[in-house]
């Protein structure tokens, strides 16, 4: 196990070098679907963070009991449980948000990001490493959602967190809050991140 | 000894962790549900109460009333019709004149149950509005049934003939434009509205009649 990354490495990797959205292209369903305003993007990022952290910790605790052919069942079971808890808590305390996000909260169950972290990290490494991996990946996921949502909300409605930031005369680019805007923004930002990354790698080499 | 190794290799034994976790997770989900259910239901009731004025008066008038500091008097009751029990809210202005009825109705949609509020005017002749309380239709297609732009079509429709969903532009009085790409969801909503109208039209008419009779008897001398 000497070649496994340490807790700190896992944490840092999640934020940019292995950013779930920009580098691994995982969890794109919510990335495209709920990023037309900042509030829902942040709510989604927090829900994913909660589920990812809990699932990683639980899987890491029971990692020595896992049977290879039954591990996926256990991952799914664990993830589904925490997603359901997140869904109920949102319905109880943030009812309007829970209605706005609708089926996307239950759909976190099939977010590949979480099952990927369980498989890659939590089922092999200690609880501390798994937790810091979850936090790092969650921050990376949150930053990715927030960056897309910021572009879409500002250009699409002239607002940021529902507060007017562009002059009222701004002609709202409605397409940015509609589904095509999600693809356009994701594509452009993805290109930008890769471009910057390449530049950096080029300088180093 | 051989028995033991057979047991160890059996599928059921290998799955002990799955079974145990299912039990533990199941119990924790049950306790979460028990703990949060009252709150979630209170949220739903609160939303229903907030939406009723808009459904029965139209959002503009409801807004105007709210800014004027007035509120509709909402009285919930249960009405049985066609084998189902409907939650009906009778709404009235400050002087107790009837503003209309709002009915909570639900049925299977494309993905899951759709729950609606359907408003009836004080004469039980027209629909005053429809609001979607709960739905889990396909994101991006079916879930557009919650948009005001689409639901506004129902406002002012006559109760005399059932509404029909059309895919091309609706022209006749009883035609409703489908949400494009979501004909089934649109039909489900319209179907719930039709069913509610069919089940409750006469019952609400009777209620309204009773009320106006009672009012006439009480204030009969003054107004004739």
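Protein chains in written order, with my numbering: chain P, 60 to 264; chain Z, 5 to 228.
For glycine and all other residues, C-beta sits at the position ideal for the given N, C-alpha and C.
Every value quoted in this text rests on a predicted model; they were computed, and no experiment measured them.
Among the CB atoms of chain Z, none fall inside 8 Å of the CB of residue 89 (chain P). Secondary-structure assignment with DSSP links residue 90 (chain Z) through a beta bridge to Z:83.
Contact note: residue 132 (chain P) reaches chain Z through 22, using a C-beta cutoff of 7 Å and chain order. Non-local beta-carbon contacts of residue 135 (chain P) in its own chain, meaning distances under 6 Å to residues more than five positions away in sequence, are absent.
Taking 4 residues as the shortest admissible run, the stretch 42-129 of chain Z contains the following complete alpha helix (DSSP H) segments, listed from N- to C-terminal end: 63-71. Contact check between the stretch 97-104 of chain P and the stretch 204-221 of chain P: three or more CB pairs, one atom from each, fall below 8 Å, which counts as touching.
As a beta-bridge residue in DSSP terms, residue 134 (chain Z) pairs with Z:122.
Residue burial is scored here from C-beta neighbours: residue 67 (chain Z) has fewer than 16 other C-beta atoms within 10 angstroms and is therefore classed as exposed. Using a Cβ-Cβ cut-off of 8 Å, residue 147 (chain P) counts as an interface residue toward chain Z, since at least one Cβ of chain Z sits closer than that to its own. Among the residues facing chain P, residue 34 (chain Z) is not included, as its CB has no counterpart in that chain under 8 Å away.
In the DSSP assignment, residue 179 (chain Z) falls within the beta strand (DSSP E) that extends over 179-181.
Residue-level contact check: residue 135 (chain P) does not touch chain Z, since none of the beta carbons of chain Z fall below 8 Å from its beta carbon.
When Cβ-Cβ separations below 8 Å define contact, residue 186 (chain Z) makes no contact with chain P. Counting along the chain, the unbroken beta strand (DSSP E) around residue 168 (chain Z) starts and ends at 168-170. About 16 Å separates the beta carbon of residue 201 (chain Z) from that of residue 135 (chain Z), a gap too long to meet the 8 Å contact definition. Here the alpha carbons of residue 190 (chain P) and residue 182 (chain P) stand approximately 12 Å from one another. Boundaries of the alpha helix (DSSP H) around residue 69 (chain P): 66-74.
Residue 218 (chain P) is bridged by DSSP to P:223. Looking only at P:234, P:187, P:188 and P:199, the smallest Cα-Cα distance to residue 210 (chain P) is reached by P:234.
Of all residues in the stretch 9-20 of chain Z, only 18 and 19 come within less than 8 Å of chain P when Cβ atoms are compared, listed by chain position. Around the C-beta of residue 156 (chain Z), fewer than 16 other C-beta atoms lie within 10 Å, and the residue is accordingly described as exposed.
Judged by DSSP secondary structure, residue 112 (chain P) falls within the alpha helix (DSSP H) whose first and last residues are 97-120.
Residue 127 (chain Z) has its alpha-carbon roughly 7 Å from the corresponding atom of residue 212 (chain Z). For residue 123 (chain Z) and residue 74 (chain Z), the gap between their C-alpha atoms comes out near 19 Å.
Under the Cβ criterion of 8 Å, residue 26 (chain Z) is counted among the residues facing chain P. Excluding the 5 residues flanking it on each side, residue 192 (chain Z) has same chain C-beta neighbours closer than 6 Å at 113 and 118, in chain order. Using a C-beta cut-off of 8 Å, the stretch 81-101 of chain P makes contact with the stretch 157-165 of chain P, since at least three inter-stretch Cβ pairs fall below that distance. Each of Z:179, Z:165 and Z:164 was checked against the Cα of residue 171 (chain Z), and the nearest Cα belongs to Z:179.
Three or more Cβ pairs closer than 8 Å define a contact, and the stretch 138-154 of chain P meets that threshold against the stretch 110-120 of chain P. When only Cα atoms are considered, residue 121 (chain Z) and residue 92 (chain Z) end up about 9 Å apart. Counting only residues of its own chain and dropping the five nearest sequence neighbours on each side, residue 88 (chain P) has a CB closer than 8 Å to the CB of 163, 166, 169 and 170.
Within 10 angstroms of the beta-carbon of residue 177 (chain Z) lie fewer than 16 other beta-carbons, which makes it exposed. Not a single C-beta of chain Z is nearer than 8 Å to the C-beta of residue 100 (chain P). In the three-state reduction of the DSSP assignment, residue 186 (chain Z) falls in the strand class.
The Cβ-Cβ distance between residue 73 (chain P) and residue 196 (chain P) falls below 8 Å. Around the beta carbon of residue 105 (chain Z), 16 or more other beta carbons lie within 10 angstroms, which makes this residue buried.
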